[in-house]
Every structure is written in structure tokens, then in C-alpha cells.
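Below is one structure, written out as C-alpha cells; comments come after it.
Number of protein chains: 2
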Amino acid sequence: MKLRDLGESGLIRRIRDRFKDAPVTLGIGDDAAILDIPPGHSVVYCSDLVAENTHFIRGLHPADSVGYKAVAVNVSDVGAMGGIPMHFLISLAAPGDLDVEWIDGFLNGVERACRQFGVSLVGGDSSSAEIIFVDVSMVGRVRQGGAMLRSGARPGDAIYVTGNLGSSALGLERLKAGDMKHPAVSRHLYPEPRHHAGYAVADRAHAAIDISDGLSTDLNHIVEESKVSARIYRNLLPAAPDAADWQVLHGGEEYELLIVARELPAVVEGVPITRIGEILESSANHQVFLVDGSGESVLRPRGWQHFSNSGQS
Amino acid sequence: MKLRDLGESGLIRRIRDRFKDAPVTLGIGDDAAILDIPPGHSVVYCSDLVAENTHFIRGLHPADSVGYKAVAVNVSDVGAMGGIPMHFLISLAAPGDLDVEWIDGFLNGVERACRQFGVSLVGGDSSSAEIIFVDVSMVGRVRQGGAMLRSGARPGDAIYVTGNLGSSALGLERLKAGDMKHPAVSRHLYPEPRHHAGYAVADRAHAAIDISDGLSTDLNHIVEESKVSARIYRNLLPAAPDAADWQVLHGGEEYELLIVARELPAVVEGVPITRIGEILESSANHQVFLVDGSGESVLRPRGWQHFSNSGQS
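Heads up: the protein sequence lines correspond to chains B and U, in order. For the first sequence, the residue numbers in this note's numbering are 1 to 313. For the second sequence, the residue numbers in this note's numbering are 1001 to 1313.
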């Protein structure tokens, strides 16, 4: 069956039937959802879009990965603020000749993410379009005044990263090569956001960001927003098995957290935390320095940049 | 200049420079925005997407209308719940060869909407894609327990509509014909959501919806959700000047409010309110009846349906 046979009202009914038990005042089916934030908390609010042929290839990426990942990346953003993810909306555009099977697979992935992260779908929008386009926006909560910003890093702080680096870019490479059994492939298709770790360290961290555009790009965001510089050490970087150098330094879609703090334990919420460098004072040029062996060079942002057709080399 | 010359970081800088003064705890530039909802209020949360060639045609619809409307339709949704719109995110996908002039026009429209509705842009996402996609999600507030739902209509209630009907569909027709001076064209390009009226009647209304898919479709949503039927009168419908019958009954993108209440005044917040019919008891089939002259017929939803290629006749 094609999406055009199901029609918009059929699609909405299908989604509503699956996600009707959201723990909110009012979920799917009205002009808007109504939800409540516990007293003493602020709203954490973000969105992340997924466009066909840019973020995924139909026929290469399974539909359930597209659904899962669209939710997971927002969970990661909320976690990077030290927040707890709660509810989300999906805006979905797709061609009328899309197989309903794809939609069902997509919804399977969304459902998996809901169970795994304790979040709920409370509404959204749908439309026809020439290609598939998914935008998820998410609302979470954070203790008032307790959010981890990009701008709080101070000279003398240590720089930490959760998990390991390079597996998502490696996974995409292995996926394209048809090597589905490589463990990095599932890290690329079903990333595990580190929101539990983020929440756990929020009161001790000075700054944080999730690594969605690559370590080089995202650490540069921290130094720019905090008006500092940073030094990291190649031999301290927790590289994923088989990951190439550029994948470790510049690979995007990692969804590990980069956390700046005085000191963090080696494991938080079951996730290994590795110290990779330190924050330095800087006056004019806020830069990241990479120490590799006996040499030191400036690490420029070389992660993913949309529109420019440059990006990952 | 093309979008690919500006690059993603250039685009984000351009947006951030324009919208940096949002009255929130944390606006554009981090992994998520942080905002606060006044005590005693719930969060109203919705999204609405705009796809090129589905919702607008580049070269026909001005870029600033696309930006303005993407925000306005969400303001309308919040207003249909009786809420006050506050903050929004924009997820924007566009081709690298798009003129930056289009982006600037789009942002002009967003800025106009911010000023007009007292809302603020606090973040979002951007990506390359083969065609333009815009998804806006919005957060507003409503007094706890005070939202107008689709499901509250009761037999004996009266049905009201704000403003007039048919002007958006008529405006699109005139726009396609190149008749830019027809007043309905600006109603199509720059709709005026009725959120002030919605907020003002929220404590007296039993149900409400905004007319985004056409009167026939949206009134059918009310009767289905409320498990009632409805009767409306052709001669009571406030038709826009020059609007054809199908435009009045089925034309979408009106962004007028359909409000069900015991009684409403003739003018609310400067907006005329017209009584067009009444809610009836029904047991099994929840239907809308249209009285036209001496005849009465069932008014089926014939407004816009995505995917199906049917929709407005």
C-alpha cells in the first residue's frame, strides 16, 4: 500500500493509535499538545531535522533507524544541557508514492526510542513533499539555573569525552561498503545518547556540548562561546576500534558528550569518561591545539558543514 | 551570493545576529534553548511544516510570506487552544544553490511575525536538502485547566466563526492568475491568526479549532472528537467578498477560529464573531449538516488532504 492510499487522516489515525498513551495532559489529536513542567524546572527546547539524501539514503538506511535516530539526536541535545528529555513532536513530509511499509518501519524506530529514553510523542504535522523530511522538536526539563552551557569553560578546567570517538563515521563507511556485521554500523544507525551521564554531572560541569558535528567542530564551539582556548592530546583520545584518524577527530553524529569540568570520575552512569585535555586562557584567537607526539598544531573545525559541499574529507 | 558560499556557520551567525534579543533564559547558540513558564500555566506545544511545491512555489510566493506564515500558523494553533504564543524554533532545509537573498527575505518575514505576535525565535536546526523545507515548532502558555479542546462541544451549544471565510483559497487563485492587487492575495500570503480572540473567549468556550484545512474538514474534527453532530446554515456563513461557495465551505489556510460555546458577543478583541449553527446530539454517526435554502445535506470533509492528490476540488 502507498501513502496516498492511506491518506493524511489515515496516517494520523495510524500514529495516534500507536502513541495514544503519552503521559501528558493532552497528547496527539488537537491543535496543540498541553503538558506540564514540574515546579523549580525550566524548559529545555530543541529541534533536529533529517532530510532524505542528506542525512539518510532510502534503501541503505533502514526506516526504523531514521525514526529512532530522529528522536535520539534530540535526546542527546537535551542531555548536553544536563536536562531530562520528556516529550516531542514529529513533522513528517513524504511523497504520496512512498510505501506505507516505510512509514511503519519509521514508527517502529520512533517507538523503540520512546521506550529506550522514556520520552513520548505528543503531536506534530504531516504533509506531502517530493522527498522525505523529518523534523523532531523536543521539550525536556532542567533544574532552574542548572543547565550546562557551551559558554562556561574556564582556564584550568579539564576536557572530558564520554564513550569513544569515530564509530559513527566508521559505521557509515562500513554500511556503504555492505559490511553490515561491523559493530560500528549499529552505532551509526542506532546511536546511544549520553543524557543520563549529562544529567548526572550537570552540577559539577562548567560546559558541555554533544558531538554531532565532530570533535574538532564541537570543541571549537566551546572555546568560541567560552572565549578560551583548549589543548587536547591525540594519545588520550578514546578511539573506536578500527576508526581512522579523521573519523576520531572530525567524524560527526557521535552523540558522545564533550564535558568541561574541574574533575570527573572515570565512569558515570555506566559510561566511561576520558580526560582528553585542558582549557587554556586566550585573549583574541580562541583556538583548539592538538598535541600529537612531540608536535602541536591548531585543530581547525573540519567536521560536517551543510550547504558547502566540503565537510568530512 | 548562494547559500553554499555563506555556509552553515555563516547562516547560523546571520540568524543569531538578527534574533539575539529573545526574552528567554537562553536563546540561539547552544544545544537547546532554556525557557521558563509562569507558575499556574501549562505548556502549549505544536508544530507546522512548510514544504516547497506543496505549500508554496518559489517565484510565486514571496520569501517573506513563507517566513511570516510559518510562524503565523503556529500562533494560530496556540490561539485555538486559548493559549498565548511565546517562543519558537525553526528547522530549515534548503539547497546550497539557493540565493541568500531568499534567506534574507524569509528572515524578514519571520521578524515581522515576531514583532506582530510578540513571539521570539530561540533556536532550531539547518541542513542542506534538494528543496526548501521549513518546520516551526512553538511553545506557548495556557492557564492550567483552561485550554479549549476539540472534544468539549455539547448539544445545544452554538457554533461561531471569527472573521470571514474563503479569502485564502480565493487569494491563492488570484495570486496564480497574477492579480496581485486583489485584497484576498494578502490574506493568503499574510494571514492574521485570531489568538487574541481565542485567549479572550477561552473561559467561556467549550471547544475550538483553527480553520487550517477548511470549514468542512475542521468542523468534522470537532464533531468527531466531541461525539456530537452539528448543523450550520449556508446563509449565515460570513463569506469573504468574491469568494466562491467551495472556497467558503472547503478552503484551507483560513486561520479563522471555529468556536463552540453557549453564547459569544458579536465582536471580541476587534474581531467579528458570527454564529453559523448549533451542536446536535448524535449517537453513532457524528456528522455535519448544511442547511441551504429549504434543503439540508451532509457536509463531508472536502478540505485539503495531503498525499491523496484529491483535496480542494
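Where a beta carbon is used, it is the ideal one built from N, C-alpha and C, also for glycine. Just so we're clear, the structure is a prediction, and the values are computed from it rather than from any experiment.
7 Å Cβ shell around residue i - same chain, five flanking residues per side excluded
i	result
residue 1065 of chain U	1109, 1189, 1190
residue 1247 of chain U	1166, 1169, 1170
residue 1310 of chain U	Confidence in residue 1310 of chain U is poor, its pLDDT being 46 and thus under 50, which makes the residue's placement too unreliable to answer from.
residue 1301 of chain U	1216, 1217, 1220
residue 1313 of chain U	A caution first: residue 1313 of chain U carries a pLDDT of 32, below 50, which makes its placement in the model unreliable, though a value can still be read off. Cβ within range, chain order: 1246, 1302.
residue 1164 of chain U	1238, 1239, 1240
residue 1043 of chain U	1037, 1139, 1141
residue 1372 of chain U	The question about residue 1372 of chain U has no answer here: the residues shown for chain U are numbered 1001 through 1313.
Cutoff 6 Å; reference residue i; Cβ partners in own chain excluding five residues on either side
i	result
residue 1009 of chain U	none
residue 1185 of chain U	1171, 1174, 1175
residue 105 of chain B	63, 64
residue 1292 of chain U	1234
residue 1022 of chain U	1120, 1122
residue 214 of chain B	250, 251, 252, 303
residue 1051 of chain U	1133
residue 1001 of chain U	1100
residue 1006 of chain U	1100
residue 90 of chain B	124, 136
residue 92 of chain B	126, 134
Residue i: contacting residues in chain U (beta-carbon distance under 8 Å)
i	result
residue 34 of chain B	1042, 1043, 1044, 1045, 1081, 1142, 1147
residue 26 of chain B	1147, 1149
residue 139 of chain B	1043, 1045, 1139
residue 270 of chain B	In chain order: nothing, as chain U lies at least about 22 Å away.
Inter-residue CB distance, residue i and residue j (contact presumed, cutoff 8 Å)
i	j	result
residue 1216 of chain U	residue 1289 of chain U	At roughly 12 Å, the Cβ-Cβ gap does not stay under 8 Å, so residue 1216 of chain U and residue 1289 of chain U are not in contact.
residue 231 of chain B	residue 278 of chain B	6 Å
residue 1141 of chain U	residue 1084 of chain U	5 Å
residue 1127 of chain U	residue 49 of chain B	5 Å
residue 1152 of chain U	residue 1203 of chain U	Their Cβ separation, rounded to whole angstroms, is 12 Å, which puts residue 1152 of chain U and residue 1203 of chain U out of contact at 8 Å.
residue 1103 of chain U	residue 1003 of chain U	6 Å
residue 207 of chain B	residue 148 of chain B	6 Å
residue 981 of chain U	residue 1035 of chain U	The structure shown has nothing for residue 981 of chain U, since chain U only spans 1001 to 1313.
Endpoints, the beta strand (DSSP E) within which residue i is located
i	result
residue 1050 of chain U	1041–1051
residue 1135 of chain U	1133–1143
residue 1206 of chain U	1205–1210
residue 1019 of chain U	No beta strand (DSSP E) holds residue 1019 of chain U; DSSP gives it neither H nor E.
residue 1292 of chain U	1288–1292
residue 1119 of chain U	Residue 1119 of chain U -> no beta strand (DSSP E), and no H or E assigned at all.
residue 1229 of chain U	1229–1233
residue 1194 of chain U	Premise fails: residue 1194 of chain U is in no beta strand (DSSP E) and is neither H nor E.
residue 58 of chain B	Segment: none, residue 58 of chain B is in no beta strand (DSSP E) and carries neither H nor E.
residue 158 of chain B	158–162
residue 1174 of chain U	Per DSSP, residue 1174 of chain U belongs to no beta strand (DSSP E); it is in the alpha helix (DSSP H), 1167–1176.
Beta-carbon neighbours of residue i, restricted to chain B and to distances below 9 Å
i	result
residue 1263 of chain U	Under the 9 Å cutoff, chain B gives no residues; its nearest Cβ is about 23 Å from residue 1263 of chain U.
residue 1021 of chain U	Per Cβ cutoff of 9 Å: no residues; residue 1021 of chain U is ~17 Å from chain B at best.
residue 1225 of chain U	29, 30
Chain-ordered neighbours of residue i on chain B, where CB pairs are closer than 8 Å
i	result
residue 1089 of chain U	45, 46, 47, 137
Proximal chain U residues relative to residue i, where beta-carbon distance stays under 9 Å
i	result
residue 162 of chain B	Near residue 162 of chain B there are no residues of chain U at all, since even the closest Cβ is about 14 Å away, more than 9 Å.
Start and end residues, alpha helix (DSSP H) containing residue i
i	result
residue 218 of chain B	215–226
residue 87 of chain B	Element bounds for residue 87 of chain B: not the alpha helix (DSSP H) but the beta strand (DSSP E), 84–94.
residue 1183 of chain U	1183–1189
residue 65 of chain B	63–80
residue 1098 of chain U	Neither: residue 1098 of chain U is in no alpha helix (DSSP H) and is coded neither H nor E.
Own chain residues within Cβ distance below 8 Å of residue i, not counting five before or after
i	result
residue 242 of chain B	170, 182, 184
residue 114 of chain B	19, 71, 120, 121
residue 1074 of chain U	1046, 1047, 1048, 1085, 1088, 1136, 1137, 1138
residue 1079 of chain U	1085, 1193, 1194, 1195, 1196, 1197, 1198, 1199, 1210, 1257
residue 1298 of chain U	1287, 1288, 1289, 1290
Interface partners of residue i on chain U, CB under 7 Å
i	result
residue 256 of chain B	The contacting residues do not exist; residue 256 of chain B stays about 13 Å from chain U at best.
residue 37 of chain B	1037, 1043
residue 93 of chain B	1049, 1051, 1133
Neighbour list for residue i in chain B, Cβ cutoff strictly below 7 Å
i	result
residue 1077 of chain U	31, 32
Near the ligand FMN: residue i beta-carbon under 7 Å from a heavy atom
i	result
residue 1037 of chain U	The model on display carries no ligand, and the ligand FMN is accordingly not part of it.
- Task: Give, in chain order, every residue of the stretch 1277–1288 of chain U whose Cβ lies closer than 7 Å to some Cβ of chain B.
- Result: Those residues of the stretch 1277–1288 of chain U that come within reach of chain B (Cβ to Cβ, closer than 7 Å) do not exist; the list is empty.
- Message: Along the stretch 1105–1135 of chain U, where does the CB come closer than 8 Å to a CB of chain B? Name the residues.
- Response: Cβ contacts with chain B: 1122, 1123, 1124, 1125, 1126, 1127, 1128, 1129, 1130, 1131, 1133, 1135.
- Task: Pull out every residue of the stretch 1205–1216 of chain U whose Cβ sits closer than 7 Å to any Cβ of chain B, in chain order.
- Result: Listed by position, the residues of the stretch 1205–1216 of chain U near chain B (Cβ gap below 7 Å) are 1209, 1210.
- Query: Between the stretch 1053–1067 of chain U and chain B, which residues of the former have CB atoms less than 8 Å from a CB of the latter, in chain order?
  - Reply: Within the stretch 1053–1067 of chain U, the qualifying residues are 1053, 1054, 1055.
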